[in-house]
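Some notes on the structure that comes next.
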Amino acid sequence: MTDRFLHVVSKTFVFFLSSFLNSSTTVFIMLRRQIRERRSYVYAKSLETQERQTYERKQQLKDALNNGKSLATELKKDAKRLGKELEFDEAQTDPTTHVDNEYSRAGISDPKIVITTSRDPSSKLLQFSKEIRLVFPNSHRINRGNYVVKELADACRANDVTDLIVLHEHRGKPDAMIVSHFPHGPTVYFTLSNVALRHDIATYQNSTVSEQYPHLIFENFSSKLGERVRDVLKHLFPVPKEDSKRVMTFANEDDFISFRHHVFVKIPRQVQLAEVGPRFEMKPYEIRQGTIEQAEAEREWVLAHYSRTAKKRSMLSDSRPGPSKKSKR
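The sequence shown maps to residues 49 to 377 in our numbering.
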């Protein structure tokens, strides 16, 4: 009896040990693949500065040849080599960057978005997350539960999720939103203010949430940082059809981005707008080049409140006077 019992116990132990080793091997292979992809991405990004400098030197040589000007001293040494390379660069208007790699699938496949909240959300934050899910096509809302950020990120990678949106609150009011792009970033942190849910909008009774892919309007995102934030927000939406009656507006004023959601109907000689909601103001305060769980990721940009010229500068748009630039898709 004792020998039989020991035999059964040993077989059970061997079975669980083999299962554990197989699962551990699978996890180890996945981690190695992620580390290899991340290393390749970081290396490609490290070459950007060198490629940008070479591109600028080629442009200086090209301008000198076209205008018949003398070459600068620092260009004379490499003029012959750069001239040969110019013959093959006519089709390239600007050097590629890591931004091109981050959104290389944009326009080819639709984004796949997961929306969640902080832990123990209030009823208002839950309602806000449900309405945000209606804003983004192809999005799914999940309850946070006891999941930590690392588990959320791993689940997103395993299911080919392109973006993770995490909503936060303070004393029952939504006050922050994190947008993290997978698999390698970036992650943008926004503060939220003046949040109005659909039930708080006067036109709520007369409006319904359309399922069409929306047209996007971005106003006053003319600086380099503004274009970066615009690209992050733009790629959360799929490419719309021309007959879509749904419009999302992101209007920047003094670095506060006003979000509005409308549907429109064409009638003779005019167009009628109906606000669908929700509405809120958002302001970016940090951009990281990694994903949300990577605390060691490099900070691409951080809002500096205490610099001497912080109140005088406009970060998302050019400070030069003149009409604001508007982009529409």
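In this text, a Cβ means the ideal position worked out from N, Cα and C, and glycines have one as well.
Looking at residue 264: is its Cβ nearer than 8 Å to the Cβ of residue 238? No. Outside cutoff.
How long is the line joining the alpha carbons of residue 156 and residue 117, rounded to whole angstroms? In this structure, the CA atom of residue 156 is about 44 Å from the CA atom of residue 117.
Do residue 277 and residue 12 count as a contact pair if the criterion is CB distance below 8 Å? Because residue 12 is not part of the residues shown, which for the chain are 49 to 377, the question remains open.
Take residue 188 and list the residues in its own chain whose beta-carbon comes closer than 6 Å to its own, dropping the five residues that flank it on each side. Within the same chain, residue 188 has close Cβ partners 162.
Work out the CA separation of residue 182 and residue 103 for me, nearest whole Å. Using only the alpha carbons, I get a separation of about 43 Å.
Between the alpha carbons of residue 297 and residue 115, how many angstroms are there, rounded? It is roughly 43 Å from the alpha-carbon of residue 297 to the alpha-carbon of residue 115.
Using a threshold of 8 Å, state whether the C-beta atoms of residue 363 and residue 303 are closer than that. Yes.
If you draw a straight line from the C-alpha of residue 372 to the C-alpha of residue 262, how long is it? Here the model assigns residue 372 a pLDDT of 46, short of 50, so the residue's position is not dependable and the matter cannot be decided.
In terms of residues, what are the limits of the beta strand (DSSP E) holding residue 312? Per DSSP, residue 312 belongs to the beta strand (DSSP E) from 304-315.
Return the chain-ordered list of same chain residues with a C-beta closer than 7 Å to the C-beta of residue 220, the five sequence neighbours on each side being excluded. These residues qualify, in order along the chain: 170, 172.
Looking only at DSSP bridge pairs, what is residue 235 linked to? Residue 235 pairs with 228, 336.
Taking only three categories from DSSP, how would you classify residue 279? In the three-state DSSP reduction, residue 279 falls in the helix class (H, G or I).
I think residue 210 touches residue 288, with their Cβ atoms under 8 Å apart; what is that distance to the nearest whole Å? Contact doesn't hold; Cβ gap of about 17 Å is too wide.
Less than 8 Å between CB atoms is the rule here; does residue 207 satisfy it with respect to chain E? Going by chain labels, chain E is absent from the structure shown, which holds only one protein chain.
Out of 283, 244, 326, 99, which has the shortest C-alpha to C-alpha gap to residue 186? With distances taken between CA atoms, residue 186 lies nearest to 283 out of 283, 244, 326, 99.
Buried or exposed for residue 201, please, with buried defined as at least 16 other CB atoms from any protein chain shown within 10 angstroms of its CB. It counts as buried.
Integer-rounded CB distance, given that residue 332 should sit under 8 Å from residue 236: Correct: roughly 6 Å between the Cβ atoms.
Could you tell me whether the Cβ atoms of residue 328 and residue 244 are closer together than 8 Å? Yes, the Cβ-Cβ distance between residue 328 and residue 244 is below 8 Å.
Which of the three DSSP states, helix, strand or coil, is assigned to residue 201? If DSSP states are grouped into helix, strand and coil, residue 201 belongs with the helices.
Where does residue 281 land, buried or exposed, given buried means 16+ other C-beta within 10 angstroms? Flag for residue 281 reads buried.
Option nearest residue 266 by Cα separation, candidates 291, 167, 300: Ranking 291, 167, 300 by Cα distance to residue 266 puts 300 first.
Taking the alpha carbon of residue 154 as the reference point, which residue from 98, 197, 229, 316 has its own alpha carbon closest? Comparing Cα positions, the closest option is 229.
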